[in-house]
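Before any comments, here is the structure.
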Amino acid sequence: MTASSGRGSSGTLITVAPTGAEHSKAEVPNLPVTLEELVRTGQDCERVGASMIHVHVRDAEARPSLDQGLLKETVAALRGETNLIVQLSTGGAVTDPEEDRLAVLDAMPDSASCTMGTVNFGDAVFMNRWEFIVELHKRMQEREIVPEYEIFDVGQLASLNRLLDEHGAPAGGHVHVDLVMGVPGGMPGTTEMLTSALRLLPQGASFSATGIGRTSLPVMLASLSAGGHLRVGMEDTLSYARGERVRDNAQLAARAAALSRIAQRPPIAVDEALALLGVRQSR
Ligand code: KMH
Ligand code: ZN
1 MTASSGRGSS GTLITVAPTG AEHSKAEVPN LPVTLEELVR TGQDCERVGA
51 SMIHVHVRDA EARPSLDQGL LKETVAALRG ETNLIVQLST GGAVTDPEED
101 RLAVLDAMPD SASCTMGTVN FGDAVFMNRW EFIVELHKRM QEREIVPEYE
151 IFDVGQLASL NRLLDEHGAP AGGHVHVDLV MGVPGGMPGT TEMLTSALRL
201 LPQGASFSAT GIGRTSLPVM LASLSAGGHL RVGMEDTLSY ARGERVRDNA
251 QLAARAAALS RIAQRPPIAV DEALALLGVR QSR
């Protein structure tokens, strides 16, 4: 397997994951949780080089939510106010039931995450049964929603290969994987781990990587040097440097863009990201 940035792209796809489901607004006041905050964050991150946004929505009390109305409103607002590719999380929070997670797809985002297995998640369990994964994959095929396969541990890449063998290619025909590294309970966020994970990447797949917490920078540098793309954002890390909190998501996206340029793989524009991922242009 040769690591590849995918479909002839020599640049870097930068995805921002601004919110997540784990941090509380009370503890992280600069976390974007309202629709207005989310849209402004998307605009700021697009301006500095992001082309996709991975979205978890929050309700009026800033709690993680999979409410259909909120999801649809969020997709519409991000489409209307930014050019970003809109990716909804089907991972949700560890407490979310499968039916609600499947129903996320009814909000018809451009892309959606699809986690490829169960993993310990700190003190909790992030449950992703095989039958559930297959159902997500099939519903995304039917709706022409492009999946991003989230990989928290290497065995999940074996499951991805099985999924593609048994149930066919995803919508758009291209396989894009995101290595989520450094979750307590998942694979560590190290260069060695990233390199060995790539050996199991499906043929022709592109990948991005994100490192949780203090693994953010090592994973970013390892991914760039291995031909990968980047996901950054406050979902994954709240510290910018030793002893320094993240100011906002755009600060993280701007650093990813700067490192991409230094690596001679500058951030790709949304059009190129659409072509890379196989997201239909008429979205
Ligand atoms: N919040 C985590 C339990 C995803 O967005 O698809 C799952 C997660 C993955 O963040
Ligand atoms: Zn997420």
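UniProt numbering numbers the first residue of the sequence shown as 1 and each following residue consecutively. Cβ atoms here follow ideal geometry from the backbone N, Cα and C, with glycine treated the same way. Quantities reported herein were computed from a predicted structural model and do not represent experimental measurements.
Here's the rule I'm using: 16 or more other beta-carbon atoms within 10 Å means buried, otherwise exposed. How should Ala241 be labelled? exposed
Under a Cβ-count criterion, where at least 16 other Cβ atoms within 10 Å of its own Cβ denotes burial, should Gln156 be classed as buried or exposed? buried
Could you tell me which residues DSSP puts in a beta bridge with Phe121? The partner list for Phe121 (beta bridge, DSSP) reads Ala124.
Distance, Cα to Cα, Met116 vs Pro170? Cα-Cα distance, rounded: 14 Å.
Close-in-space but distant-in-sequence residues of the same chain around Pro32 (CB under 6 Å, 5 per side omitted): Pro18, Thr19, Leu38, Thr41
What do you get for Glu166, buried or exposed, if any count of 16 or more other CB atoms within 10 angstroms of its CB means buried? exposed
Check the DSSP bridge columns for Val180 and list the partner residues they point to. Thr210
His167: first and last residue of the uninterrupted alpha helix (DSSP H) it sits in: Boundaries of the alpha helix (DSSP H) around His167: 155-167.
Closest by CA to Met193, which one among Glu148, Thr215, Gln203, Gly172? Thr215
Going by CA-CA distance only, name the one from Gly91, Gly92, Val75 that's closest to residue 303. This structure leaves residue 303 out entirely; the chain is present only between 1 and 283.
Which runs of the beta strand (DSSP E), 3 residues or longer, sit entirely within the segment 184-256? 206-211, 229-232, 239-241
Under the criterion of a Cβ to heavy atom distance below 7 Å, does Val48 qualify as lining the ligand KMH? No, the Cβ of Val48 stays beyond 7 Å of every heavy atom of the ligand KMH.
Closer than 8 Å, CB to CB, is Asp59 near chain B or not? In the displayed structure, chain B is absent; only one protein chain is listed.
Beta strand (DSSP E) containing Ile53: first to last residue? Looking at the DSSP string, the run of the beta strand (DSSP E) that includes Ile53 is 52-55.
What are the residues that DSSP puts in a beta bridge with Thr12? Pro267
Do you know offhand how far Gly204's Cα is from Pro188's? If you take the alpha carbons of Gly204 and Pro188, they lie about 24 Å apart.
Which runs of the beta strand (DSSP E), 3 residues or longer, sit entirely within the segment 73-156? 85-88, 111-115, 119-121, 124-126, 146-151
So, using beta-carbon positions, are Gly233 and Leu252 closer together than 8 Å? yes
Under 7 Å from any heavy atom of the ligand KMH, does the C-beta of Thr90 make it? For Thr90, the shortest C-beta to heavy atom distance toward the ligand KMH is below 7 Å.
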